[in-house]
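J.: Sequential numbering of the sequence shown, starting at 178, is according to this note's numbering.
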Amino acid sequence: MTRLFHRAMVYADERAFLDATIPFLHEGLVAGEVVLAVAPASSLDLLRRTLGTGDVEFRDAACWYAQPTRTIAAYSSFIDHNPGRRLRVLAEPGWEGGTPAEISEWTRYESIVNQAFAQVEASVLCLYDARRTAADVLDGALRTHPELLGDSGPHANAAYADPATVYAEIDGRPLPPVPPDAYAMPVDDIDLRRLRAFIGDHAERHGISSARLHDLLVATTEVATNAIRHGLPPVTCRTWADNGDVVVDVTDGGHWTPEGLPGFLPPDPFVRAGFGLWGVRMLCPLVQLRTGPGGTDIRLRVRTR
178 MTRLFHRAMV
188 YADERAFLDA
198 TIPFLHEGLV
208 AGEVVLAVAP
218 ASSLDLLRRT
228 LGTGDVEFRD
238 AACWYAQPTR
248 TIAAYSSFID
258 HNPGRRLRVL
268 AEPGWEGGTP
278 AEISEWTRYE
288 SIVNQAFAQV
298 EASVLCLYDA
308 RRTAADVLDG
318 ALRTHPELLG
328 DSGPHANAAY
338 ADPATVYAEI
348 DGRPLPPVPP
358 DAYAMPVDDI
368 DLRRLRAFIG
378 DHAERHGISS
388 ARLHDLLVAT
398 TEVATNAIRH
408 GLPPVTCRTW
418 ADNGDVVVDV
428 TDGGHWTPEG
438 LPGFLPPDPF
448 VRAGFGLWGV
458 RMLCPLVQLR
468 TGPGGTDIRL
478 RVRTR
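#1: Which of the three DSSP states is assigned to I280 in this structure?
#2: For the region 419-444, which segments carrying the alpha helix (DSSP H) assignment without a break, of at least 4 residues, lie completely within its bounds, in sequence order?
#3: Does DSSP put D237 in a helix, a strand or coil?
#4: Does H391 pass the burial test, meaning 16 or more other C-beta atoms within 10 Å, or should it be called exposed?
#5: With a threshold of 6 Å on Cβ separation, who are the neighbours of A250 within its own chain once the five nearest residues in sequence on each side are excluded?
#6: I'd like to check one pair, T397 with V355: are the Cβ atoms closer than 9 Å?
#7: Could you check if I485 is buried or exposed, using at least 16 other CB atoms within 10 Å of its CB as the buried criterion?
#8: Please list, in chain order, all residues of the same chain as R415 whose beta carbon is under 6 Å from its beta carbon, the five residues on each side excluded.
#9: Does the beta-carbon of R482 have 16 or more other beta-carbons within 10 angstroms, so that it is buried, or is it exposed?
#10: Where in the region 206-231 do unbroken runs of the beta strand (DSSP E), each at least 3 residues long, occur, reported from the N-terminal end onward?
#11: Would E282 be called buried (16 or more neighbouring beta carbons within 10 Å of its own) or exposed?
#12: Span of the beta strand (DSSP E) holding P479?
#13: Assign V207 to buried or exposed, taking buried as 16 or more other Cβ atoms, counted over all protein chains shown, within 10 Å of its Cβ.
#14: Are P277 and R458 touching if we call contact CB-CB under 9 Å?
#15: Considering only the alpha carbon of each residue, which of Y286, R476, A189 lies closest to P353?
#16: Let me check you understand the geometry: is the CB of Y242 closer than 8 Å to at least one non-hydrogen atom of the ligand NAD?
#17: Spell out whether any CB of chain B is found under 9 Å from the CB atom of A185.
#18: DSSP three-state label for T246, please.
#19: Cα-Cα, which of L438, E399, P200 is closest to D348?
#20: Can you look up G412 in the DSSP assignment and give me helix, strand or coil?
#21: What is the rounded straight-line gap between the Cα of A185 and the Cα of W455?
#22: A293: buried (16+ other C-beta within 10 angstroms of its C-beta) or exposed?
#23: Starting from the Cα of R478, find the closest Cα among A374, G472, L394 and give me that residue.
#24: Report the rounded CA-to-CA distance for G440 versus P340, giving the unit in angstroms.
#25: Using a Cβ-Cβ cutoff of less than 8 Å, which residues in the same chain neighbour R180 once the five nearest sequence positions on both sides are dropped?
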């Protein structure tokens with residue numbers, strides 16, 4: 178029996194938005210479900226004016242969908258705080274575009290939902306505004322939702338791809354080459370103070386805030402430590418600025434092929450392992466991992482402000 182219903186709908190205007198969302202939310206309230214609506218502020222205002230506040234929990238998508246791993250953690254917490262209750266979630270992510278890498282990771286997120294929350298008793302409806310959402314985002318949505326909601330109701334989605342296929346497609350795309358003006362430093366000592374000074378010096382030149390610098394240094398230390406302890410030499414760290422971001426790239430000669438959903442789900446608090454990569458993903462808006470004949474490459478990206 179299907180526990181999780183994960184559906185998508187692309188809507189054309191406010192009327193279509195309300196025609197889909199109001200019955201969906203009302204049905205959950207009548208059934209005594211826990212109802213959550215996550216959407217941009219403009220959509221939340223529209224829902225409140227039409228539906229009223231009632232027992233619906235409202236969350237602003239600008240905060241909830243800040244980055245994929247934090248979003249998964251937010252939904253995990255919501256599930257944990259409502260044990261034994263069926264859930265109903267209206268989700269309008271509000272990320273209408275972005276870089277190809279960002280769109281890929283949000284597509285991965287939508288696919289992770291199908292795997293990570295498969296046993297959760299929930300009905301989820303994801304909304305996408307056709308007027309503003311980039312074509313690549315819509316393509317990803319069509320590949321990651323088992324069902325679509327149309328004028329005649331929900332129906333199976335012929336374009337749906339299973340999570341393993343989606344992950345393989347994303348991870349099979351090579352990372353953009355390191356720019357020729359990137360700064361490089363070999364890492365051959367578990368004492369990483371020199372590395373942190375190296376990253377900090379270059380990041381500060383590009384105007385990074387102190388809070389973002391702290392996040393970047395903690396994440397870089399974790400990745401470099403794992404490369405030294407579990408990878409193979411040579412371990413090299415490179416850094417550069419790109420479109421308002423500071424990028425850190427850590428490579429080693431090992432071939433790490435992680436299983437499952439490495440670092441995407443909140444780890445078991447009673448198990449010591451599993452916090453490292455999850456912490457890195459929580460700190461950095463974009464984390465990309467590739468492994469192949471040339472070794473393993475983990476690339477971190479943090480906004481300067």
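Each residue gets a CB set at the ideal place from its N, CA and C atoms; glycine is no exception.
The model shown is predicted, which means the values in this text are computed figures rather than measured ones.
T.: By the coordinates alone:
#1: Position 103 of the sequence shown, counting from 1, holds the residue named residue 280. Three-state result, I280: helix.
#2: none
#3: Indexing the sequence shown from 1 puts residue 237 at position 60. Three-state DSSP puts D237 in a strand.
#4: The residue you call residue 391 lines up with position 214 of the sequence shown. Exposed is the call here.
#5: As a working mapping, residue 250 is identified with position 73 in the sequence shown. The residues are P443.
#6: Walking along the sequence shown from the start, residue 355 turns up at place 178. Walking along the sequence shown from the start, residue 397 turns up at place 220. Cβ atoms of V355 and T397: not closer than 9 Å.
#7: As displayed, the chain neither begins before 178 nor continues past 482, which places residue 485 out of reach and without an answer.
#8: Here residue 415 refers to the residue found at position 238 when the sequence shown is read from its first residue. The answer, listed in chain order, is V355, A359, A361, D426.
#9: Taking the sequence shown and counting its residues from 1, one reaches residue 482 at position 305. For R482, the number of other beta carbons within 10 angstroms of its own is below 16, and it is reported as exposed.
#10: If we require 3 residues or more, the beta strand (DSSP E) runs fully inside the region 206-231 come out as 211-216.
#11: On the sequence shown, residue 282 is found 105 positions in, with the first residue counted as 1. Looking at its Cβ environment, which holds 16 or more other Cβ atoms inside 10 Å, E282 is buried.
#12: For the purposes of this step, residue 479 is taken as residue 302 along the sequence shown, with counting starting at 1. The sequence given here has Val at residue 479, not Pro. Per DSSP, the unbroken beta strand (DSSP E) holding V479 starts and ends at 472-480.
#13: Indexing the sequence shown from 1 puts residue 207 at position 30. With fewer than 16 Cβ atoms within 10 Å of its Cβ, V207 is classed as exposed.
#14: Reading the sequence shown from its first residue, position 100 is the one you call residue 277. Reading the sequence shown from its first residue, position 281 is the one you call residue 458. For P277 and R458, no; Cβs fall outside 9 Å.
#15: Counted from its first residue, the sequence shown places residue 353 at position 176. Measuring from the Cα of P353, the nearest candidate turns out to be R476.
#16: Among the ligands in the structure shown, none appear at all, so the ligand NAD cannot be discussed.
#17: Looking for chain B here will not work: only one protein chain is present.
#18: Translated into positions along the sequence shown, residue 246 becomes position 69. Looking at T246 - three-state DSSP - the assignment turns out to be helix.
#19: Taking the sequence shown and counting its residues from 1, one reaches residue 348 at position 171. Nearest of L438, E399, P200 to D348, Cα basis: L438.
#20: Within the sequence shown, numbered from 1, the residue matching residue 412 stands at position 235. Going by the sequence as given, residue 412 is Val instead of Gly. In this structure, V412 counts as coil in the three-state DSSP scheme.
#21: By 1-based counting over the sequence shown, the position of residue 185 is 8. By 1-based counting over the sequence shown, the position of residue 455 is 278. If I take the Cα positions, the gap works out to 27 Å.
#22: Along the sequence shown, one-based indexing puts residue 293 at 116. Counting Cβ neighbours within 10 Å, A293 comes out buried, since at least 16 surround it.
#23: For this step, residue 478 is matched to residue 301 along the sequence shown. Of the candidates A374, G472, L394, the one whose C-alpha sits nearest the C-alpha of R478 is L394.
#24: Stepping through the sequence shown from its first residue, residue 440 is reached at position 263. Stepping through the sequence shown from its first residue, residue 340 is reached at position 163. Roughly 16 Å separates the two Cα atoms.
#25: Position 3 of the sequence shown, counted from the first residue, corresponds to residue 180. A295, Q296, V297, E298, A299, listed in sequence order.
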